[in-house]
Structure formats: C-alpha cells, structure tokens
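Using our numbering, the first residue of the sequence shown is number 5, and each one after it goes up by one. We put the CB at the ideal spot given by N, CA and C, even for glycine. Report on the structure given below.
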Amino acid sequence: MEMDKKYALLDTDFLYKSHLARNAKNHTLTDFVMEFAEYEFFCHEMIKKELSRHKLNPDPNPWLEEKIKAGKVKSYSDREIISELGKVYGGKATSIYLELLETSCDTFNVNFYKQYYGSLNEMENLNDVEAFLAALKDCDDKVPHKKGLGEKKTYVLIQMMKVLYGNRVYIFCSDDFKARQSITSLEMPVHCISILGVFYKLMKMGKQKSEMQEYYDHLSAFLKNQTEYKVWSISGHQRDSVPIKQVFDEIYDEKFQMLRNGDLQYIK
5 MEMDKKYALL DTDFLYKSHL ARNAKNHTLT DFVMEFAEYE FFCHEMIKKE
55 LSRHKLNPDP NPWLEEKIKA GKVKSYSDRE IISELGKVYG GKATSIYLEL
105 LETSCDTFNV NFYKQYYGSL NEMENLNDVE AFLAALKDCD DKVPHKKGLG
155 EKKTYVLIQM MKVLYGNRVY IFCSDDFKAR QSITSLEMPV HCISILGVFY
205 KLMKMGKQKS EMQEYYDHLS AFLKNQTEYK VWSISGHQRD SVPIKQVFDE
255 IYDEKFQMLR NGDLQYIK
C-alpha cells in the first residue's frame, strides 16, 4: 500500500449522523466520505449491533453491509485484531490485546475493565487464541447493552491501527466534545474528523454551499434539541457557543481552521 495512505475508522455516532445528513435523492454525507480517495476505511464488527440499537430510520446498516461486501470498508473482528497484533508481537498478541482493552475501558471508567474483564488476566493459557476468544466472548456477553461495549471495542481497534500505521490513522467521529476528548486522551492519540469537519473538508474540496446546505439542514433537523455548536475562539483559550446555522455559513466564509482533535477554531 502507498506510504501516504491514511487509515480511517468510522465510529457509531459518526455513521448514524452522517447517514441522516442527506439530500432529496438520498445521497448521504457518508457517501461523500467514501469518495475521499486518500483514506482506507475500517470499523469494528460490533458497530452493526450498536447501530441497530439506535433504531434509526433510515437504517444505516444495509448501507454499511453493502460497503463491507464491496470492500470499501474493512470490518474487523476481535479474532482479526489479535491476528494483526500477532504479526507484530507474535505469541504475546492476546496479552497486548488485553492491554489495549484495559486502556480503552479506563478511558471511560477506571473500574470497567476490572469488573467485566479482570478474569482474563488470570487465564493460565492466555496465549491460546481459541481459548482466549471464547473467554473474551463470555466477558462481552456479561456487559449490559447500555454500557457502550461497541465504543470500547472501537477504541481497541484504533489503538491496534496506531501500532500498525502510526500517525496515518484517523477517526471519523462524533461532534460531541467529550467523546472526542476521550479519543485524543488515549496513550496513542489519533487525528479526529467530526461531522462538522466533513463539511469543512468538502468546502475545501470545492463543494458548493448551495449543494451542501440540504445535507446540513437534514442533520440539523435531526439534532432538533441542539441549537448551537462549540467552536474555539481565535485565541484558543475558550470555546464559544455559535448557532448551528451560523457555523455552516462561517465554514463557507472560511472563518475556521480544523484542529487535530476535530474541533473548529476561528482564524478570523
């Protein structure tokens, strides 16, 4: 693969919101993202369960399944993650997986790993991949649905990709500031591109405001309880609340730059 290729993870929040942002012909913001030729896209297989729990209409899962079958998105299982880690760490792959899982869990809740996965550290045959995967599934099955297991598995995957590809790893993620802060607080921080960041990128690529307005308006209608976005001031010392419509207008007035963590910051 080309040395300048970028590797981009699609997370649950990004996928369902970008799938809702669409025009009258049902072309979605996610379809635009798939046209970003510099990226290879991937996700954790558990994202499909996470999307199903949102009970969205239209459902993004058929779209995702189509892209996976077409080879445009690579879906990783835990088995495949361990296989990739094995290429780097050999027989220590399962131990490294646990380290990544613990880091991921600790990012959200310092007690989560110990509560649900602590038993894995006591396995006598930890290097037996089949036994490990069976024990891992048993632990997974005990995690309540509302505890965000898919998000934690996604963070395991992003860390694995960082091991393999270093600074060429990106994540298309939520516009939620706390969610993105948790990503950038990982031991191996990654580049983030939020939903707003996609509109910013499309503007830079020459997409006309009149064309993109419809996508933005559909997304805004879904976020009906949200009236503002937070963007950084010119000084970078504070985040200002800006009306949703104004943010879109100012993206096209080229008043922002996009930061590594996916935030927009005023430059004028």
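Around the Cβ of residue i, are there at least 16 other Cβ atoms within 10 angstroms (buried) or fewer (exposed)?
| i | result |
| --- | --- |
| residue 271 | exposed |
| residue 209 | exposed |
| residue 238 | exposed |
| residue 231 | exposed |
| residue 97 | buried |
| residue 79 | buried |
| residue 108 | buried |
What's the C-alpha gap between residue i and residue j?
| i | j | result |
| --- | --- | --- |
| residue 3 | residue 118 | For residue 3 there is no data in the structure shown, the boundaries of the chain being 5 and 272. |
| residue 48 | residue 264 | 23 Å |
| residue 228 | residue 222 | 10 Å |
| residue 93 | residue 83 | 15 Å |
| residue 137 | residue 255 | 46 Å |
| residue 242 | residue 236 | 6 Å |
| residue 213 | residue 157 | 36 Å |
| residue 57 | residue 252 | 30 Å |
| residue 60 | residue 128 | 43 Å |
| residue 111 | residue 159 | 9 Å |
Would you say the beta carbon of residue i comes nearer than 6 Å to a heavy atom of the ligand HEM?
| i | result |
| --- | --- |
| residue 116 | The ligand HEM is absent from the structure shown, which contains no ligands of any kind. |
Are the CB atoms of residue i and residue j nearer to each other than 7 Å?
| i | j | result |
| --- | --- | --- |
| residue 3 | residue 162 | Because residue 3 is not part of the residues shown, which for the chain are 5 to 272, the question remains open. |
| residue 45 | residue 77 | yes |
| residue 154 | residue 51 | yes |
| residue 165 | residue 11 | yes |
Where in the region 94-152 do unbroken runs of the alpha helix (DSSP H), each at least 4 residues long, occur, reported from the N-terminal end onward?
97-112, 116-121, 133-145
Do three or more CB pairs link the region 132-143 to the region 33-48 at distances below 8 Å?
no
Examine the Cβ distances between the region 20-30 and the region 120-127 and report whether three or more of them are shorter than 8 Å.
no
Between the region 253-268 and the region 192-201, do three or more beta carbon pairs fall short of 8 Å?
yes
Go through the region 153-180 residue by residue and report every complete run of the beta strand (DSSP E) that reaches 3 residues or more, in order.
As summarised for the region 153-180, the continuous beta strand (DSSP E) elements at least 3 residues long and confined to that stretch are 173-176, given in chain order.
Fully enclosed by the region 188-263, which beta strand (DSSP E) runs are 3 residues long or longer?
Correct list: 195-197, 232-236, 243-247, 260-262.
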